[in-house]
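Trainee: Below you will find the structure I want to go over with you.
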Amino acid sequence: MNNIEIIEAFLTYLNDNKKVSSNTLSAYKRDIGAFGDFLELNKKNFDCACFEDISLYKDFLVNQGKSVATVSRCMSSIRTFYKFLVATNQCNSNPAAEVKNDKVEKKYFEILTEDEIDRLLAAPDSSDFKGKRDRAMLELLYATGMKVSELLSLNVSDFNVRMHCISCKGSTSANNRVIVLYPEAVKAIEDYINKARCFFVLNPNEQALFVNVNGERMTRQGFWKLLKIYADISGIRKSITPHTLRHSFATHLLENGADINDIKKILGHADISSTMVYTNFIKSKTDTSYIKFNHRAK
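Residue numbering for the sequence shown is -11 to 286, as defined by my numbering.
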């Protein structure tokens, strides 16, 4: 098989056997494709690559100005790719196994305060159709801690107004969950569906809960732009992303006494260690605050 065929076989394996999300699949395709292009410039195929080739590629990425995190992710993708080649007898050994990742400086995520959340959610003008939609999206994202991809994949049928809950489809079936909503979120979604969505949707068969002005499912890029606009309107100077609301949701729950295992289920984490980052974040904040305000430290 040539390089393109090998990549396609690898992606099929990830999709069928590992059940990775579409975003993860795209990342692997991008990483391995770029590595394949590098090898072709050196007139090599994947099965001929050695430790030195991968080390050279790592140096190439660094010289391009790629961050430590990006380079580490690419190396991890290549290691996983060669594990597949070895398992399918297309390669005798994994030449990437001994290529070490550089240490990534640990950075804690940005979160919004409860006051900033209140200002952000109040920013959309609920007197017009777009405002009703945008308020419902922001309210739902913070009410559930969903990923933006999960939010935008919702259909109208996923919202159960009578039970005050929403069905969220995760990247795998194991991540699917039903999340109970607080009354303000239910009200915002109802208001949008009953008074605004019908003015956007032209196709009666459109299932998407959140749509753009053309009546089609809202995109990640579209939501990102809206979030930036409302962050500016609400006077938030932090650099925020859709994931900031997910981080804020989990952190606020923990700070207010929620059980870590309940938060794990709501977020759809497969492993408790993923949820524990919020506990560590709060501990870090507490330790820093203690030093800052202790009179002996001044």
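Note that CB positions come from ideal geometry on N, CA and C, so glycine has one too.
Bear in mind that the values here come from a model prediction, so they are computed numbers and not experimental data.
Give me the DSSP bridge partner(s) of I167.
Mentor: Answer is I154.
Trainee: To the nearest angstrom, report how far apart T132 and D259 are at their CA atoms.
Mentor: Those two C-alpha atoms are separated by around 18 Å.
Trainee: Assuming F72 is part of the alpha helix (DSSP H), what are its boundary residues?
Mentor: 56 to 75 is the span of the alpha helix (DSSP H), which, as asked, contains F72.
Trainee: For R205, list the residues DSSP reports as bridge partners.
Mentor: V199, per the DSSP bridge assignment.
Trainee: Which of helix, strand or coil does DSSP assign to N249?
Mentor: Looking at N249 - three-state DSSP - the assignment turns out to be helix.
Trainee: According to DSSP, N3 sits in a beta bridge with which residue or residues?
Mentor: None; N3 has no bridge partner.
Trainee: Which of the three DSSP states is assigned to N143 in this structure?
Mentor: Three-state result, N143: strand.
Trainee: Once the 5 residues before and after S155 are set aside, which same chain residues still bring their CB inside 6 Å of it?
Mentor: Hits under 6 Å: D146, V166.
Trainee: Which value, in whole angstroms, describes the spacing of the CA atoms of F198 and N33?
Mentor: Going from the Cα of F198 to the Cα of N33 covers about 45 Å.
Trainee: If you compare alpha carbons, which of E104, C79, L241, K31 is closest to I221?
Mentor: Nearest C-alpha to I221: E104.
Trainee: Roughly how many angstroms lie between the CA atoms of S14 and S64, to the nearest whole one?
Mentor: The alpha-carbon atoms of S14 and S64 are separated by roughly 14 Å.
Trainee: DSSP beta-bridge partners for N148?
Mentor: N148 is bridged to C153.
Trainee: So, do the segment 122 to 138 and the segment 196 to 210 have three or more beta carbon pairs nearer to each other than 8 Å?
Mentor: The answer is yes - the segment 196 to 210 touches the segment 122 to 138, with three or more Cβ pairs under 8 Å.
Trainee: Look at the alpha carbon of Y266 and the alpha carbon of E138, and state the distance between them as a whole number of angstroms.
Mentor: Using only the alpha carbons, I get a separation of about 20 Å.
Trainee: In angstroms with no decimal places, state the Cα-to-Cα distance between K280 and H257.
Mentor: Confidence in K280 is poor, its pLDDT being 43 and thus under 50, which makes the residue's placement unreliable; the coordinate value appears in the next sentence. Looking at the two C-alpha atoms, the distance is approximately 33 Å.
Trainee: Identify, in the order they occur along the chain, each residue of the same chain with its Cβ nearer than 7 Å to the Cβ of L241, setting aside the five sequence neighbours on each side.
Mentor: Taken in chain order, the residues that qualify are I251.
Trainee: Does DSSP put R225 in a helix, a strand or coil?
Mentor: Here R225 sits in coil by DSSP.
Trainee: So the candidates are Q78, V201, G223; which of them puts its Cα closest to the Cα of M(-11)?
Mentor: Selected option, being the one with the closest Cα: Q78.
Trainee: Quick test of the definition: if touching needs 3 or more C-beta pairs under 8 Å, does the segment 171 to 184 touch the segment 107 to 127?
Mentor: They touch, by the three-pair rule.
Trainee: Please classify F97: does DSSP put it in a helix, a strand, or coil?
Mentor: It is coil, neither helix nor strand.
Trainee: Do L73 and F(-2) come within 9 Å of each other at the CB atom, strictly closer than that value?
Mentor: Contact flag set, yes.
Trainee: From the DSSP output, in three-state form, read off C38 for me.
Mentor: The answer is coil: DSSP assigns C38 none of H, G, I, E or B.
Trainee: Can you tell me whether DSSP reads S137 as helix, strand or coil?
Mentor: Looking at S137 - three-state DSSP - the assignment turns out to be helix.
Trainee: Evaluate Y70 with the Cβ neighbour count: other Cβ atoms within 10 Å of its Cβ, from every protein chain shown; 16 or more gives buried, anything less gives exposed.
Mentor: Looking at its Cβ environment, which holds 16 or more other Cβ atoms inside 10 Å, Y70 is buried.
Trainee: Comparing C-alpha positions only, which one of E(-7), L215, N3 sits nearest to A110?
Mentor: Considering only alpha carbons, the answer is L215.
Trainee: Which residues in the same chain as Y278 place their Cβ atom closer than 7 Å to its Cβ, once the five residues preceding and following it in sequence are excluded?
Mentor: Here the model assigns Y278 a pLDDT of 37, short of 50, so the residue's position is not dependable, and the following value carries that caveat. Answer for Y278: no residue qualifies.
Trainee: Can you tell me the Cα-Cα spacing of T263 and L29, whole angstroms?
Mentor: Near 43 Å, if we compare the C-alpha coordinates of L29 and T263.
Trainee: I need the straight-line Cα distance from V56 to I(-5), nearest angstrom please.
Mentor: Spanning the two alpha carbons is a distance of roughly 24 Å.
Trainee: Taking only three categories from DSSP, how would you classify C79?
Mentor: It is coil, neither helix nor strand.
Trainee: Among C62, F97, K31, which has the Cα closest to the Cα of S43?
Mentor: Closest by alpha carbon: C62.
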